[in-house]
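Input: a single structure, listed below in structure tokens.
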Amino acid sequence: MSGGRGNPYAANPPRVLAIAADPQLRSEIRTLMSNQGYAVTEVDGAIAGLRLAQQTEPDIILLDGSLSDGDSLTCCQQLQTLWYAKTTSETPGIFMLHSLDDPDWVTQALNLGIVDMIAKPIHGTLLVQRVKRWWEQTQKFQELTDANQELQRLAGIDRLTQLANRHYFDETLEREVRQMKRAQTPLSLILADVDYFKLYNDCYGHLQGDRCLQEIAQGIQRAVRRPQDLVARYGGEEFAVILPQTDAIGAIAVARNIRHEIRQLHIPHAQSEVSDYITLSLGIACAFPEDNCSAIQLIQAADRGLYRAKEQGRDRLEESDEPSEYSL
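Now the structure itself:
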């Protein structure tokens with residue numbers, strides 16, 4: 001790179017695709033952009049350009065407005081369509097190189113969503129600066145987007161257990177209830193409470209109590225295996241599991257898996273009245289679209305099951321409305 005400075009893109013150079021019929025123009029673009037640290041690929045026509053764009057997924061496309069094998073505007077439109085069909089790639093910035101002597105043509109090009117028009121014959125410094133400015137703005141915008149997404153993620157996480165927090169749980173359950181009604185599929189909810197946890201804290205101390213909750217959270221997460229399911233800390237020593245597209249039979253199976261995982265932890269609990277180790281009581285509720293059930297009603301139903309599990313002696317699971325035979 002000229003000027004004695006290092007290449008700022010050495011670790012991950014932006015990919016530039018130059019599509020131009022004129023070999024001298026392609027050579028000029030390659031020299032200008034390569035000297036600035038970009039990884040440049042060049043082709044001489046629209047057909048080859050579309051094929052190479054699909055294969056290499058460039059970050060920046062410099063498109064000559066005077067292609068010999070096709071209309072440049074059509075090529076631009078096809079490039080845009082190509083990226084709209086992709087869901088895993090960022091849309092590249094398309095710069096059109098043109099003499100700018102036809103205002104109607106320029107207007108059509110801008111309406112296609114290109115980033116900028118660069119006049120021909122090209123001015124090297126101008127081309128480099130415009131591309132650089134767009135690329136840096138794009139990177140900054142992506143950094144801000146990533147940071148905002150991370151903040152949103154952290155806002156929905158319980159700091160102690162790293163599970164979803166109550167606020168995120170409430171939002172998700174409301175959304176899943178709406179989705180249940182649209183998709184006409186069942187929705188299940190499990191509420192789980194750590195048995196005699198106050199006695200555990202009194203015996204082992206709050207620091208050990210926190211560690212216990214962390215282990216339980218990890219155990220529940222292991223038992224709930226589908227990516228669409230949500231495990232949350234509901235509050236204190238209570239946990240919640242949202243199970244979309246799951247009927248009562250499926251929810252019971254998940255609850256059994258949870259109990260098994262927690263039993264396998266073998267966390268000693270000398271003060272428990274039901275076991276020598278930490279155990280859970282679980283309440284299960286299932287709603288169907290025809291029930292016209294709200295999120296609050298589903299929570300209340302699961303809570304009734306949890307209350308029944310505690311009344312029946314704890315260390316068991318119970319459904320919300322009818323006594324369950326699945327507690328052993």
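Using full-length UniProt numbering, read the sequence shown as starting at 1 and increasing by one per residue. The beta carbon of each residue, even a glycine, is placed where N, CA and C say it ideally should be.
Task: Sequence-distant residues of its chain with Cβ nearer than 6 Å to Trp83 (five each side left out) - done: Thr91
Open item on the list: Pairs of beta-carbons, one from the segment 211-231 and one from the segment 161-170, closer than 8 Å: are there three or more?
Closed with: yes
Open item on the list: For Tyr9, which residues in the same chain have their Cβ closer than 6 Å to its Cβ, ignoring the five residues on either side in sequence?
Closed with: Gly37
Task: Anticipated Cβ contact below 8 Å, Phe95 with Asp71, distance rounded - done: Not a contact, Cβ separation roughly 17 Å.
Task: Close Cβ partners of Asp44 (< 6 Å) along its chain, the five nearest in sequence each way excluded - done: Ala21
Task: Burial state of Glu174, where buried means 16 or more other Cβ atoms lie within 10 Å - done: exposed
Open item on the list: Using only the alpha-carbon positions, how far apart do Asp276 and Gln142 sit?
Closed with: 52 Å
- [ ] Specify the secondary structure class of Arg15 as computed by DSSP and reduced to three states.
- [x] strand
Task: Three CB pairs or more closer than 8 Å across the segment 175-190 and the segment 260-273 - done: no
Open item on the list: With three or more C-beta pairs closer than 8 Å as the rule, is the segment 98-105 touching the segment 130-138?
Closed with: no
- [ ] Report all residues from its chain with a CB closer than 6 Å to the CB of Asp59; omit the five preceding and five following residues, and keep chain order.
- [x] Pro14, Arg15 and Pro92
Task: Own chain partners of Gly124 with C-beta closer than 7 Å, once the 5 adjacent residues on each side are dropped - done: Leu32
Task: Closest residue to Ile258 among Gly236, Glu171 and Val231 (Cα-Cα distance) - done: Val231
Open item on the list: Can you give me the C-alpha to C-alpha distance between Gln228 and Leu243, rounded to a whole angstrom?
Closed with: 8 Å
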